[in-house]
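Chains as they are written, first to last, in my numbering: chain A, 1 to 207; chain B, 1 to 207.
Shown next as structure tokens:
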């Protein structure tokens, strides 16, 4: 299992126009995060979850969850993904998860409640530029879930909550990258690590 | 200098509707390639060029060039970038470069002519899954320009032309990734290498 939680500080919590996706509190960033997290060329990654915490008006907080194993009829372009998020926001979000499309769910959780749930199945890592180099610690990450902010970053009070749950602060670059680039790089480093492990096991079994 | 050349095998060569960017021969892929290549969080990379070779109907080939140092009023979302490409396609493409917006140019070059020009200022690398691991060779790349295909890949006859100009075939993953993910990873590996070199020089000058 692998997961990403992206905090959309201004992302709208009501249905929005597909003609102006950035205008919906920079929903374009969140769409690209989903796209870059779950899609490969002509296929979708297995066992990957993306959580979007929407904190914009008029009805925050709302969480949208995407389960890669169950998602259907999604393309990697922003408009396709935005259309599915818009549809999800037409549903009433309750305490539990409501499925709004195959593999897409909505809930009225806040950051603390969400992290409490997630820490049952994931090891939480907080992504920040000054963290530990992911390349040095990816080998020991089991079922990691990375928490990261959008263009605004992560507010101090949210950071405090995250750090209560996080095993480590991890950095993917000394440059300040866009959220979806951080996700691509995390996937890349984890892929390399898991392939190295597979190769090692393969070599071992050959002996 | 760093560059990327993405081959859009079916990408339209006439102005298209922004309501259906994937329908324009998967122009969405090319927009994401530009976005992931040149944007950082709240800034734009220096000295980076992206070339899109559009090979779709009705008027192929057309090349769109984006110079990061000169580009203005572009946002990282697909629609913003698609709007600028659409505008470029309203101009008549000639043999030379016509500027259609700050930092955006159009020309009626084919793959061979383009690579002939580019090989004057770049070392050309061809991106293919079975190539050399980029991590092993990034340290020796000076002014690299990476050639890669869209969702269709690269046609045999185009590959032959590329290989005539390419110094090496380079791979960023054993997984089949989307073109924009390959670009993000190439930037990442080159950033790490150049930072290592800077650190080494820094340590050296301290002695």
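Note that the Cβ used here is the ideal one computed from N, Cα and C, for glycine as well.
Per DSSP, cross-strand counterpart(s) of residue i
{"i": "residue 101/B", "result": "104/B"}
{"i": "residue 8/A", "result": "54/A"}
{"i": "residue 127/B", "result": "170/B"}
{"i": "residue 49/A", "result": "3/A and 67/A"}
{"i": "residue 62/B", "result": "54/B"}
{"i": "residue 144/B", "result": "123/B"}
Proximity below 8 Å, CB of residue i to CB of residue j
{"i": "residue 158/B", "j": "residue 118/B", "result": "no"}
{"i": "residue 124/A", "j": "residue 145/A", "result": "yes"}
{"i": "residue 93/A", "j": "residue 62/A", "result": "yes"}
{"i": "residue 71/B", "j": "residue 102/B", "result": "yes"}
{"i": "residue 33/B", "j": "residue 183/B", "result": "yes"}
{"i": "residue 7/A", "j": "residue 55/A", "result": "yes"}
{"i": "residue 185/A", "j": "residue 139/B", "result": "no"}
{"i": "residue 178/B", "j": "residue 41/A", "result": "yes"}
{"i": "residue 21/A", "j": "residue 31/A", "result": "yes"}
{"i": "residue 68/B", "j": "residue 90/B", "result": "no"}
{"i": "residue 88/A", "j": "residue 64/A", "result": "yes"}
{"i": "residue 95/A", "j": "residue 107/A", "result": "yes"}
{"i": "residue 104/A", "j": "residue 131/A", "result": "no"}
{"i": "residue 73/B", "j": "residue 15/B", "result": "no"}
{"i": "residue 143/B", "j": "residue 27/B", "result": "no"}
Under the three-state DSSP convention, the category residue i falls into
{"i": "residue 90/A", "result": "coil"}
{"i": "residue 21/B", "result": "coil"}
{"i": "residue 69/A", "result": "coil"}
{"i": "residue 191/A", "result": "helix"}
{"i": "residue 164/B", "result": "helix"}
{"i": "residue 139/A", "result": "helix"}
{"i": "residue 95/B", "result": "coil"}
{"i": "residue 158/B", "result": "helix"}
{"i": "residue 149/A", "result": "strand"}
{"i": "residue 40/B", "result": "strand"}
{"i": "residue 110/A", "result": "coil"}
{"i": "residue 133/B", "result": "strand"}
{"i": "residue 79/A", "result": "helix"}
{"i": "residue 207/A", "result": "Because the pLDDT of residue 207/A is 47, which lies under 50, any placement of that residue in the model is unreliable, and the number read from its coordinates should be weighed accordingly. Coil, per DSSP."}
{"i": "residue 35/A", "result": "helix"}
{"i": "residue 184/B", "result": "helix"}
{"i": "residue 178/A", "result": "coil"}
{"i": "residue 74/A", "result": "coil"}
Inter-residue spacing [alpha-carbon to alpha-carbon] between residue i and residue j
{"i": "residue 99/B", "j": "residue 4/B", "result": "19 Å"}
{"i": "residue 166/B", "j": "residue 115/B", "result": "9 Å"}
{"i": "residue 17/B", "j": "residue 24/B", "result": "8 Å"}
{"i": "residue 52/A", "j": "residue 38/B", "result": "25 Å"}
{"i": "residue 122/B", "j": "residue 174/A", "result": "26 Å"}
{"i": "residue 57/A", "j": "residue 13/A", "result": "6 Å"}
{"i": "residue 75/B", "j": "residue 29/B", "result": "16 Å"}
{"i": "residue 137/B", "j": "residue 181/B", "result": "19 Å"}
{"i": "residue 10/B", "j": "residue 59/B", "result": "11 Å"}
{"i": "residue 141/B", "j": "residue 128/B", "result": "17 Å"}
{"i": "residue 192/B", "j": "residue 133/A", "result": "11 Å"}
{"i": "residue 36/B", "j": "residue 49/B", "result": "12 Å"}
{"i": "residue 77/A", "j": "residue 78/B", "result": "8 Å"}
{"i": "residue 164/A", "j": "residue 176/B", "result": "37 Å"}
{"i": "residue 154/B", "j": "residue 97/B", "result": "24 Å"}
{"i": "residue 19/B", "j": "residue 156/A", "result": "38 Å"}
{"i": "residue 135/A", "j": "residue 160/A", "result": "25 Å"}
{"i": "residue 126/A", "j": "residue 120/A", "result": "16 Å"}
{"i": "residue 172/A", "j": "residue 109/A", "result": "28 Å"}
{"i": "residue 208/A", "j": "residue 113/A", "result": "Given that chain A is displayed from residue 1 to residue 207, the structure contains no residue 208/A and the question cannot be resolved."}
{"i": "residue 207/B", "j": "residue 190/A", "result": "For residue 207/B, the predicted structure reports a pLDDT of 47, less than 50, and the residue's modelled location is therefore unreliable. The matter cannot be settled from this model."}
CB contact below 8 Å: residue i versus chain B
{"i": "residue 139/A", "result": "no"}
{"i": "residue 176/A", "result": "yes"}
{"i": "residue 184/A", "result": "yes"}
{"i": "residue 195/A", "result": "yes"}
{"i": "residue 125/A", "result": "no"}
{"i": "residue 40/A", "result": "yes"}
{"i": "residue 207/A", "result": "Its pLDDT being 47, under 50, residue 207/A is placed unreliably in this model, and the value from its coordinates should be taken loosely. Cβ-Cβ to chain B under 8 Å: no for residue 207/A."}
{"i": "residue 21/A", "result": "yes"}
{"i": "residue 121/A", "result": "no"}
{"i": "residue 51/A", "result": "no"}
{"i": "residue 191/A", "result": "yes"}
C-beta neighbour in chain A for residue i, strict 8 Å
{"i": "residue 79/B", "result": "yes"}
{"i": "residue 76/B", "result": "yes"}
{"i": "residue 28/B", "result": "yes"}
{"i": "residue 173/B", "result": "yes"}
Residue i CB to nearest heavy atom of the ligand ATP below 7 Å
{"i": "residue 174/B", "result": "With respect to the ligand ATP, the structure offers nothing, as it holds no ligand at all."}
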